[in-house]
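*Asks:* One structure, pasted below without further comment.
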Amino acid sequence: AAAWTLLWGRIQRSAALMVAAALKDMQANHAELQLPPESTFELLGLDYLVDTAMTPWLLEVNGTPSLAVDHEDAKVEQMIHTQKAGMVSDMFRLLGQSSCLRHKHVNNQQHMQPWL
């Protein structure tokens, strides 16, 4: 548990530094949209490699991360779906739109799509 807490803290710090480094560009891109800030969001995918010393190394930042859920192994596919669905749910909750997601989830519950 202590190792996980340490790793998670390091990942959070790394992610915060990445956003701080890109913030001016992100703000400039947003300004071009001419929309109220509360009406937009940006979803980023951060890929890390973790070494034996529990040091996370940021490999890349994906500006358009895939939400696809497709794997040849059904158990792995379910694990990917669970992780991505949780992330999307958290994102909608942070945006104050969790009721919309619940409604859509109930309607699509029996039809798992190749994306979330």
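Numbered by mature numbering (1 follows the signal peptide of the UniProt record, and there is no 0), the letters in the sequence shown go through residues -16 to -1, 1 to 100 in order. Note that the Cβ used here is the ideal one computed from N, Cα and C, for glycine as well.
Is the distance from the Cβ of residue 70 to the Cβ of residue 49 below 8 angstroms?
*Replies:* No. Outside cutoff.
*Asks:* Find the nearest neighbour of residue 105 within the set 21, -2 and -6, judged by alpha-carbon distance.
*Replies:* Residue 105 is absent from the model: the chain starts at -16 and stops at 100.
*Asks:* How many Å lie between residue -4 and residue 3 at the Cα?
*Replies:* Each residue's alpha carbon lies about 10 angstroms from the other.
*Asks:* Could you check where the beta strand (DSSP E) with residue 78 kicks off and where it finishes?
*Replies:* Residue 78 -> not in any beta strand (DSSP E); alpha helix (DSSP H) instead, spanning 58 to 78.
*Asks:* Measuring alpha carbon to alpha carbon, tell me which of 37, 14 and 51 ends up nearest residue -13.
*Replies:* The option with the nearest alpha carbon to residue -13 is 37.
*Asks:* Classify residue 60: buried if its beta carbon has 16 or more other beta carbons within 10 angstroms, exposed otherwise.
*Replies:* By the neighbour-count rule (16 or more Cβ atoms within 10 Å), residue 60 is not buried but exposed.
*Asks:* Taking all protein chains shown into account, do 16 or more other C-beta atoms lie within 10 angstroms of the C-beta of residue 34, making it buried, or fewer, making it exposed?
*Replies:* By the 10 Å Cβ count, residue 34 comes out exposed.
*Asks:* In angstroms, rounded to a whole number, what distance separates the CA positions of residue 24 and residue 41?
*Replies:* Straight-line Cα distance between these residues: approximately 29 angstroms.
*Asks:* Would you list the one or two residues that DSSP bridges to residue 34?
*Replies:* Note: residue 34 sits in a beta bridge opposite 40.
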